[in-house]
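Enquirer: This structure is in structure tokens; I'll ask about it shortly.
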Amino acid sequence: MLRPTSRSVGFGLLLALVGPGAWTCACKGAHDDADAPALAASEPAASPPGAGADGAASGQPSASGSAVPEIPVVAGSRRVDLDGAVHAPPPLPPGRVRLAALGWVTPVQKKPDPGASRLGTLRAGAVVAASPEVAGTTGCPGGWHAVEPAGYVCVGEGSATLAVDHPVVSATRPPDFTRRLPYMYGVVTRGGPLYARVPSQADLAEHEPNLDKHLQKWRDDAVSGARYGLDVWLRWTEGTPPDALAALAEGTTGEAPFFLRDGGVGPNVSGLVKSPSAVKVDEAKRRTGRSFIHSFLSEGRRYNVTPDLLVAPADRFRPIRGSEFHGFRVAADGATPEPEAVRFPFALVRREGARKWRWDGKKMADDGPLAWRSAVLLTGKQKFHGKVLHFETVDGFWVDDRHAGRTDPAKKWPKWAKNGQKWIDVNITKQTLVAYEGMRAVYTTLVSSGEAGLADAEDTTATKKGIFRVHTKFVSVTMDSKVVGEEFELRDVPYVQYFEEGYALHGAYWHDKFGSPKSHGCINLSPEDARRLFFWTDPPVPAGWHSAAEPLTGTVVFVHP
């Protein structure tokens, strides 16, 4: 037994939904307050992923896999493997210069033309290898430069620069792929202001008039207050700072990011800072999740800095560590599984409260607890007892199918598997995912699909069933809901892979119920599973890019009951 460690949105539409602070989309749709540009100037945004040359139906993957990827897999594309190991990006290729993104969303076009289709995007501060030669100036007076491994970026104010010592580069921080979450995260517990600068005492009196009352609640809150989760905010902090209460009592001031010292304001990456004297520029509301890239003390209070360089009082957020759970490698047929690996048939314990059972004459006898989200290897034998199906394990005990689902290899291989393509099998009833390379399973885990289970996805929160391809991937993206009573906004949801309309595989940092339906329609993964699978699937997201799109050649996703 293996125990665990502790509706239609194409890429063009996602581009149209870029606000000043984030990509904005959701599992069942997106904001519709903007016109959606096409994937290319001459083609509709709704070109179905997988409508390949062999005439596959809308939403169905091309079995032949004959389409040629526009974004090649190169060194640095697979930054993380299925074991969780991180691989450093390659050095700068000979004859290349470095190009830095300045805009929160900097497009990578297929051709040196603003009307060309987009291959992906860079986020502000990203640095990529580029050609020193200008490839054209159409719609871009500063000139288009080819970037690695494909596409073109416009150099100009607010877009990109070849001067990589630019303040935007120095102020921002790239996503960290060495840990399960790419940034520090927190969920708002007590709403409050977001600042352009470190607020003075006068600023606090104006914008947080009830600060003393708020801080007292924060001191007294044993669940989300001063004593919880300081380690999350110290992710990139050197030394050992005082605990939160001691820092507040002593009025401790630490070293702020360079751009916030002496009353400074950072580069206006967010688009919300309208003047050099701006103080409060936004509001952090309840039911909101945020990501952060810096954290520091000022006059006893801790402040965090968002990726778009806004300043947030840390005491208004509950630090989020994210689930420690992750799945298991699958051993090849006939091979002895390594530690933390399984082989067919196996079962993943998807519900808490599972028990081991042993036959005692004609009865099942309780033989102790079975760890939630552990994996057990099966013999293949199964039988009913008390109208409940039980599976025999190689360790001699039995497990019931109310708590664990048996997983076997595919009985009939689809054509894309026979052709050696990567694909993902998602079983909604069992809440399991199995990743395949052709006809060989390589990884398995538990998921949280739509909370409406097997209901019709058209008018519920169920996950849409069918055969799809991953068409658009984001290192992180904002998801939200405006449904009355269910409003939320989650910034920088990690490792998002859209496969059909607004449905995606993505990491969920806000819950730890993997194995049970939980989402609004997407397929939730633990942060670590999302990280591993994101870099395994196609299209690849090249080193330094924040998103990539390929409508015809992405990894197949098969979602079924």
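Here this note's numbering is used: position 104 in the sequence shown is 101, and no number is missing along the way. Yeah, the Cβ is synthetic: ideal placement off N, Cα and C, and Gly gets one too.
Provide the residue span of the alpha helix (DSSP H) that contains D209, from first to last.
Expert: 208 to 217
Enquirer: Beta-carbon separation of A127 and L99 under 8 Å?
Expert: no
Enquirer: Along the alpha helix (DSSP H) that carries W533, what are the first and last residues, could you check?
Expert: 524 to 533
Enquirer: Go through the region 369 to 417 residue by residue and report every complete run of the alpha helix (DSSP H) that reaches 4 residues or more, in order.
Expert: 412 to 415
Enquirer: When you compare the region 466 to 480 with the region 495 to 512, are there three or more beta-carbon pairs, one atom per stretch, that lie closer than 8 Å?
Expert: yes
Enquirer: In the DSSP assignment, find the unbroken alpha helix (DSSP H) run with A199 in it and report its ends.
Expert: 198 to 204
Enquirer: Just tell me which of K384, F174, V373 has its CA closest to the CA of W395.
Expert: V373
Enquirer: 8 Å is my cut-off, CB to CB: does D453 come that close to chain C?
Expert: Considering every chain present, this structure includes no chain C. It has just one protein chain.
Enquirer: Of the residues D279, G140, A147, P91, which one's Cα is nearest the Cα of S114?
Expert: Checking every option, the nearest Cα to that of S114 belongs to A147.
Enquirer: Using the rule of at least 16 other Cβ atoms within 10 Å of the residue's Cβ for burial, across every protein chain shown, is F325 buried or exposed?
Expert: buried
Enquirer: With a cut-off of 8 Å, do at least 3 Cβ pairs link the region 211 to 223 to the region 252 to 265?
Expert: no
Enquirer: Whether or not the region 179 to 195 and the region 282 to 290 are in contact is what I'm after, with contact meaning three or more pairs of Cβ atoms, one per stretch, closer than 8 Å; do they touch?
Expert: yes
Enquirer: Flag this pair as yes or no: are the beta carbons of V105 and V144 separated by less than 8 Å?
Expert: yes
Enquirer: Would you identify the three-state DSSP class for D228, choosing helix, strand or coil?
Expert: Correct three-state label for D228: helix.
Enquirer: With H, G and I counted as helix, E and B as strand and the rest as coil, what does DSSP make of D357?
Expert: strand
Enquirer: Taking the alpha-carbon positions, what's the D217 to P304 distance?
Expert: 30 Å
Enquirer: Return the CA-CA distance between S61 and G551, expressed in angstroms with no decimal places.
Expert: Residue placement at S61 is flagged as unreliable, the pLDDT there being 48, under the threshold of 50; the coordinate-derived value follows with that caveat. Using only the alpha carbons, I get a separation of about 13 Å.
Enquirer: Report the rounded CA-to-CA distance for E455 versus G81, giving the unit in angstroms.
Expert: Cα to Cα, the separation comes out at about 36 Å.
Enquirer: Give me the DSSP bridge partner(s) of I520.
Expert: Residue pairing by DSSP places I520 opposite L502 in a beta bridge.
Enquirer: Might you give, ordered along the chain, the residues of its own chain that have their beta carbon closer than 6 Å to the beta carbon of L487, omitting 5 neighbours on each side?
Expert: G286, M476
Enquirer: Using C-beta distances below 8 Å, list every residue in its chain close to R399, excluding the 5 sequence neighbours before and after it, in chain order.
Expert: R348, V385
Enquirer: If you pair each beta-carbon of the region 316 to 324 with each one of the region 520 to 538, do three or more pairs fall below 8 Å?
Expert: Output reads yes: the region 520 to 538 touches the region 316 to 324.
Enquirer: My output table needs one value for S167: the three-state DSSP class, helix, strand or coil.
Expert: Here DSSP, grouped into helix, strand and coil, assigns S167 to helix.
Enquirer: Give the DSSP-derived three-state secondary structure of N424 in the structure shown.
Expert: strand
Enquirer: Give every residue of the same chain whose Cβ lies closer than 6 Å to the Cβ of R298, excluding the five residues on either side of it in the sequence, and list them in chain order.
Expert: Nothing listed; no residue qualifies.
Enquirer: Among the candidates K412, T426, F289, whose CA atom is the shortest distance from the CA of M436?
Expert: Per the Cα distances, K412.
Enquirer: Who are the Cβ neighbours of T441 in its own chain at under 6 Å, not counting the five residues just before and after it?
Expert: G324, F325, V327, V431
Enquirer: Is the beta carbon of V276 sitting closer than 8 Å to the one on P206?
Expert: Going by C-beta atoms, V276 is not nearer than 8 Å to P206.
Enquirer: CB L306 to CB P264, shorter than 8 Å?
Expert: yes
Enquirer: Are there three or more Cβ pairs, one per stretch, closer than 8 Å when the region 128 to 141 is compared with the region 149 to 164?
Expert: yes
Enquirer: Between the C-alpha atoms of S544 and E203, what's the straight-line distance to the nearest angstrom?
Expert: Cα to Cα, the separation comes out at about 40 Å.
Enquirer: In the DSSP assignment, the beta strand (DSSP E) including L116 goes from what residue to what residue?
Expert: 115 to 120
Enquirer: How many Å lie between E247 and I317 at the Cα?
Expert: Rounded to whole angstroms, E247 to I317 spans 26 Å at the Cα level.
Enquirer: Is it buried or exposed, G112, if we count other Cβ atoms within 10 angstroms and call 16 or more buried?
Expert: exposed
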